[in-house]
Amino acid sequence: MALNNKRGHMAYLQPSLVLLLTLSLSTIAVDRGNFKTCDQSGFCKRQRATEPNKSPYVAVLSSINIQPTQLSVQLLNKNTNVRLNLQVIAIKGNIARLRVTETNPLKPRYEIPVGDVLVDEPVQQGLEVLSKDSKSVTVGFLDNKIAIQSDPFRIDFIVRGEPVLSVNSRGLMNFEHIREKAQPPEKAGEEEEKKEEPKEGDGEEQEEVLDDDDDDDDDDDNNDDKNNDAEGEEPGMWEETFKTHKDTKPLGPESIGLDFSFPGFEHVYGIPEHADTLALKSTTSTDPYRLYNLDVFEYELDNPMALYGAVPYMIAHNEKRTVGLFWLNAAEMWVDITSVTADKNVLSKMVDFVAGGDEMPQIDTHWFAESGIIDVFVLLGPSANEVFKQYASLTGTTALPPLFSLAYHQSRWNYNDQDDVRNVDAGFDANNIPYDVIWLDIEHTDGKRYFTWDTGRFPESAEMIKNISSKGRKMVTIIDPHIKRDSNYKIHQEAEAKGYYVKNKDGNDYDGWCWPGSSSWLDYTNPEIRDYWVEKMSLEEYQGSTLDLYTWNDMNEPSVFNGPEITMHKDALHFNNWEHRDVHNIYGMYQQMATALGQVKRSQGKLRPFVLSRAFFAGTQRWGAVWTGDNTGEWGHLKASNPMLLSLNLAGITFSGADVGGFFKNPDTELLTRWYQAAAYQPFFRAHAHIDTPRREPWLKPAEHLDAIREAIKARYVLLPYWYTLFYLSETSGAPVMRPMWVEFPGDKSVFSIEDQYMVGSGLLVRPVTEQGAVGVTVYFPGTDQVYYDADTYKAFPGGQNTYIPVTLNKIPVFYRGGNIIARKERVRRSSILGRLDPYTLVIALNKQGRASGDLYIDDYQSFSYKNGEFIHRKFTFENNKLTNSNADSSGSFETASWLERVRIVGLNRRPSKIQITSSSGTTELEFKYDNNNDMLTIRKPSINIAQDFTITLQ
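Going by mature numbering (1 follows the signal peptide of the UniProt record, and there is no 0), the letters in the sequence shown line up with residues -29 to -1, 1 to 926, in that order.
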């Protein structure tokens, strides 16, 4: 929920704001004036103005120190004589790490504690010196060479004789060292100000909740320094303003910038979150891509503006290899991207290819962060799956979610009371539509006090949850990070007394405005405060909750209505006196982390958590799901959900989705139907809507659309075994669940920019209908050696061509990829857990060689017992007319009553004469039916436990 998206709930806002807020709601659109451009950001403007090919940095090779797994060398800025320390470290798993820090800093720079984003300190591996002279040094590990040039300083990564990444090749490195503020000449003899600790004071005067939009004349000078910087320093280095907000900078300028070039590559991906294309675009005529968690009201499409989350991780891919780049830094960051031609004359000095000939493409990128250090991991692949595994080894994988969370969720702002919840729940049953979770937004609380209930509307909350859970369903309530400053509110009393709030620059509790009115924010960067939050999730602390109640962390960018850019002041102070500018992008993840750990503790470590967060950072995947925020009920936003979610999946955040129907506006029935169909094949599947929108429960729509929506939701439930297996495999490998086409077809250049179709795992090709009035879509089936089958009709389509697929309102273009075996459960229950013991159907989609394989993972769907070996992982293979079910992981053991009900083999070009099943019980002949029209064989009732070894033989 964004600043301007609550009409009629303004009791806590100052009266003068009500008119402004109401007027803003009448013309819903993002107000670009609330958010900085690069020119309005002092450090972005300075870094972007760095002149190329004039690098002042040299590597002082006489200072080099080579150890078994790393080398260090000093970097000298010839203009300032400031020395930096560069470390080049070889990491196990084919990863290199570059760290640049100040040699003798006046004050330490912020580094994210190990264990918070990095799962552990990365294990190093051997590094050997390959060559060294007065101008350069080359080291190597595995198949990689790292060439360090002294003057001008640059680093080149060469893999198997080919350059893949160049660092500072354009000379854009700019490391603003921490310094004492220069004094104007008339103050040269006066005593310096002390900057080590903030002064105690009476706190800031409360600012207006909304900026005065009449300040347009001042906006052009947003970054002018009002403190008269000393001669020779640029404006905005020690203090800058944006609209009416001042940002004091007691440490002065401390930004860092560095350029990275990818020779041989034409496409880069990642750095979410942006409402933009999957393949990132050139920023030569726009602002850079911005990474700064912000509450952006009804965001625009196709631009690089910052949104709710930030993952400073980029992937480059070409026909030969995939390379990843991860910058571990939680401060605001911007990234410029340019497509150029590589300078082969320079590269030929380091690699054995001849300059000239065909031009080599190259992607140049320029990264700059406001504070922190340069701590970059280069993931050398060489395949996409290896890059995914390498990134996961650093930041972790998506934790296996409970089954219910992969099913359908029903939400809106707000279900009014217990009767409303009861009626909505009954409506799904009456209309034969399955669902697993119903959500409550902020109106369920007692005056926006989280962990409370409005007892007038929800007088028996625990009983309400039990009624829902009796059908195998769950409930989610919202818990935002802002705490109402109310002396009668227990959490505020405790937080104020314990000093648990974020402080303002003067050391007093930070006080801003959000939904409750005057609010403060718990400092989740402090481990002690996260432990406090963990205890708040207990059933004793959260009165009226049960183990079937889960959590939604919204507004955790953090959103501050009267703050600069609708977020917290950068000079606010956190744990250990780190400024908010240092930790901004990780703040929301810390809340989600503490919430998830709280859910685990409340069940004595038995049950897996489910927490949805709007803000996110690298590593968020370990703590729960995210969604794309306050989208709009328009066709463009439906279409944009695909590349946005694909980008998140590439960045490791696989459990992600977009609000079905759009949060804002009123989608027509066609759009709403198409959105359900698309979201049924996206990882997180939730319908949600703004409080001012008409009700959108599926049964309120015309019969034709209700039928189509019902079938889309049921299609999700039928494939839950496949989804659940994919998430298990993702936890073990780091592979995305929702995949760009190029991940499965890495050598097919024609798919590198495709974003309107994608793969779910390796077995399903999905092409959502995202165009109004569409009667057909074009699907590209990659690979001349591939074959695909329509998921409804089983009609075969050859690979290596574009094919027009007619669609009706009921048609979701989904295709089985030949060579895959997919497990389904075709008896759809009211909720997912009710079908846990139901039988399976196997769909065997044969490739052109008549082979296929697939996995099935089973456990209790809710606990951590699988980590102790209580699971089943089966491997299905079809080859030489035999289907074999074998144990894929002997370390797992689990009992299930689920059995094999049916086998469909598609692409089988002959009718067998006899089919037999062989198991430990002996050999039995099976009934079957063969359809000549679509080459499909149906084997009826093998009637064997799905966890038992068996072979089905076609004769």
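We put the CB at the ideal spot given by N, CA and C, even for glycine.
> Do Y513 and F587 come within 7 angstroms of each other at the CB atom, strictly closer than that value?
Replying inline: The residue labelled residue 587 in the question sits at position 616 within the sequence shown. The residue labelled residue 513 in the question sits at position 542 within the sequence shown. Cβ atoms of F587 and Y513: not closer than 7 angstroms.
>> With a threshold of 8 angstroms on Cβ separation, who are the neighbours of G228 within its own chain once the five nearest residues in sequence on each side are excluded?
In response: Numbered from its first residue, the sequence shown carries residue 228 at position 257. Q18, T21, L143, M144, N145, F146, H337, W338, F339 and A340, listed in sequence order.
> DSSP three-state call for Y362: helix, strand or coil?
Replying inline: Position 391 of the sequence shown, counted from the start, is the residue given in the question as residue 362. Helix at Y362.
> At what residues does the alpha helix (DSSP H) containing A686 begin and finish?
Replying inline: One-based indexing of the sequence shown puts residue 686 at position 715. Counting along the chain, the alpha helix (DSSP H) containing A686 begins and ends at A674 to V689.
> What does R710 pair with, by DSSP beta-bridge criteria?
Replying inline: For the purposes of this step, residue 710 is identified with residue 739 of the sequence shown, where counting begins at 1. Beta-bridge pairing links R710 to M730.
> Taking Cβ positions, are I804 and S824 nearer each other than 7 angstroms?
Replying inline: Numbered from 1 along the sequence shown, position 833 holds the residue referred to as residue 804. Numbered from 1 along the sequence shown, position 853 holds the residue referred to as residue 824. No, they are not a contact pair.
>> Quick check on Y279: does DSSP put it in helix, strand or coil?
In response: Here residue 279 refers to the residue found at position 308 when the sequence shown is read from its first residue. Coil at Y279, not helix or strand.
> Three-state secondary structure (DSSP) at D266?
Replying inline: Position 295 of the sequence shown, counted from the start, is the residue given in the question as residue 266. D266: coil per DSSP, three-state reduction.
> When you compare only the Cα positions, how much space is there between G632 and A250?
Replying inline: Locating residue 632 in the sequence shown gives position 661, where the first residue counts as 1. Locating residue 250 in the sequence shown gives position 279, where the first residue counts as 1. Roughly 25 angstroms between the two C-alpha positions.
> Secondary structure at D218, three-state DSSP: helix, strand or coil?
Replying inline: Against the sequence shown, residue 218 aligns to sequence position 247. Looking at D218 - three-state DSSP - the assignment turns out to be strand.
> Got a sec, what are the start and stop residues for the beta strand (DSSP E) A596 sits in?
Replying inline: Position 625 of the sequence shown, counted from the start, is the residue given in the question as residue 596. Start and end: A596 to W598.
>> By the DSSP assignment, the beta strand (DSSP E) with M446 in it spans what residues?
In response: Within the sequence shown, the letter at position 475 stands for residue 446. Per DSSP, M446 belongs to the beta strand (DSSP E) from K445 to I449.
> Going by the beta-carbon positions, is the gap between N139 and R125 smaller than 7 angstroms?
Replying inline: As a first step, residue 139 is located in the sequence shown; it is residue number 168 there, counting from the start. As a first step, residue 125 is located in the sequence shown; it is residue number 154 there, counting from the start. Against a cut-off of 7 angstroms, the Cβ pair of R125 and N139 comes out as a contact.
>> Checking the sheet assignment: what are the DSSP bridge partners for F339?
In response: Here residue 339 refers to the residue found at position 368 of the sequence shown. F339 is bridged to G228 and W305.
> Would you report the Cα separation of F849 and G4, rounded to the nearest angstrom?
Replying inline: Numbered from 1 along the sequence shown, position 878 holds the residue referred to as residue 849. Numbered from 1 along the sequence shown, position 33 holds the residue referred to as residue 4. So the two alpha carbons sit approximately 60 angstroms from each other.
> If you check the beta carbons only, do V737 and Y647 fall under 7 angstroms apart?
Replying inline: Counted from its first residue, the sequence shown places residue 737 at position 766. Counted from its first residue, the sequence shown places residue 647 at position 676. Going by C-beta atoms, V737 is not nearer than 7 angstroms to Y647.
> Taking the alpha carbon of K900 as the point to measure from, which residue in V877, N613 and I66 has its own alpha carbon closest?
Replying inline: Translated into positions along the sequence shown, residue 900 becomes position 929. The shortest Cα separation from K900 among V877, N613 and I66 belongs to V877.
> Would DSSP call D238 helix, strand or coil?
Replying inline: One-based indexing of the sequence shown puts residue 238 at position 267. With the sequence shown as reference, residue 238 is identified as His, and Asp is not the correct amino acid for it. Strand.
> In the structure shown, what three-state DSSP assignment does V531 receive?
Replying inline: Along the sequence shown, one-based indexing puts residue 531 at 560. If DSSP states are grouped into helix, strand and coil, V531 belongs with coil.
> Is it true that the CB of W523 sits closer than 7 angstroms to the CB of L583?
Replying inline: The sequence position of residue 583 within the sequence shown is 612, counting from 1. The sequence position of residue 523 within the sequence shown is 552, counting from 1. Closer than 7 angstroms, so yes.
> Just how far apart, CA to CA, sit E204 and R150?
Replying inline: As a first step, residue 204 is located in the sequence shown; it is residue number 233 there, counting from the start. As a first step, residue 150 is located in the sequence shown; it is residue number 179 there, counting from the start. Taking the straight line from one Cα to the other gives about 12 angstroms.
>> Check this for me: beta carbons of G569 and V473, under 7 angstroms apart or not?
In response: As a first step, residue 569 is located in the sequence shown; it is residue number 598 there, counting from the start. As a first step, residue 473 is located in the sequence shown; it is residue number 502 there, counting from the start. Contact: no.
> Opposite W492 in the DSSP bridges: which residues?
Replying inline: For the purposes of this step, residue 492 is identified with residue 521 of the sequence shown, where counting begins at 1. DSSP lists H453 as partners of W492.
>> What residue range does the beta strand (DSSP E) around G483 cover?
In response: Taking the sequence shown and counting its residues from 1, the one referred to as residue 483 is at position 512. Segment G483 to C485, the beta strand (DSSP E) holding G483.
> From what residue to what residue does the alpha helix (DSSP H) around Q514 run?
Replying inline: Counting from one through the sequence shown, the residue named residue 514 turns up at place 543. Note, Q514: premise wrong, no alpha helix (DSSP H); not H, not E.
> From the DSSP output, which residues share a beta bridge with M907?
Replying inline: Stepping through the sequence shown from its first residue, residue 907 is reached at position 936. V877 and D902.
>> Just verifying my parser: in three-state terms, what is the DSSP assignment at R393?
In response: Locating residue 393 in the sequence shown gives position 422, where the first residue counts as 1. Of the three classes helix, strand and coil, the one that applies to R393 here is helix, per DSSP.
> Between A596, R585 and A589, which lies nearest to R579 when the distance is taken from Cα to Cα?
Replying inline: As a position in the sequence shown, residue 579 is number 608, starting the count at 1. When each option's Cα is compared against that of R579, the closest is A596.
>> Quick check: what's the CA-CA separation for N916 versus R875?
In response: Here residue 916 refers to the residue found at position 945 of the sequence shown. Here residue 875 refers to the residue found at position 904 of the sequence shown. Computed Cα separation, rounded: 17 angstroms.
> What's the call for Q38, buried or exposed, on a 16-neighbour Cβ count within 10 Å?
Replying inline: For the purposes of this step, residue 38 is identified with residue 67 of the sequence shown, where counting begins at 1. Exposed, since its Cβ has fewer than 16 Cβ neighbours within 10 Å.
> Counting pairs of beta carbons, one from the region 380 to 391 and one from the region 652 to 672, are three or more of them closer than 8 angstroms?
Replying inline: yes
>> Judging by CA-CA distance, which residue of N48, A67, A363 and N905 is the nearest neighbour of K766?
In response: To locate residue 766, count along the sequence shown from 1; it is residue 795. Nearest C-alpha to K766: N905.
>> Using a 10 Å radius around the Cβ and a threshold of 16 neighbouring Cβ atoms, would you call N36 buried or exposed?
In response: The residue labelled residue 36 in the question sits at position 65 within the sequence shown. Classification for N36: exposed.
> Under the three-state reduction of DSSP, which class applies to D831: helix, strand or coil?
Replying inline: Here residue 831 is taken as the residue at index 860 of the sequence shown, counted from 1. Reduced to three states, the DSSP call for D831 is coil.
> Do L813 and E528 have their CB atoms nearer than 7 angstroms?
Replying inline: Within the sequence shown, the letter at position 842 stands for residue 813. Within the sequence shown, the letter at position 557 stands for residue 528. No. Outside cutoff.
> What span of residues does the beta strand (DSSP E) with E434 cover, start to end?
Replying inline: Residue 434 sits at position 463 when you count from the first residue of the sequence shown. Run containing E434: none in the beta strand (DSSP E); it sits in the alpha helix (DSSP H), S432 to S440.
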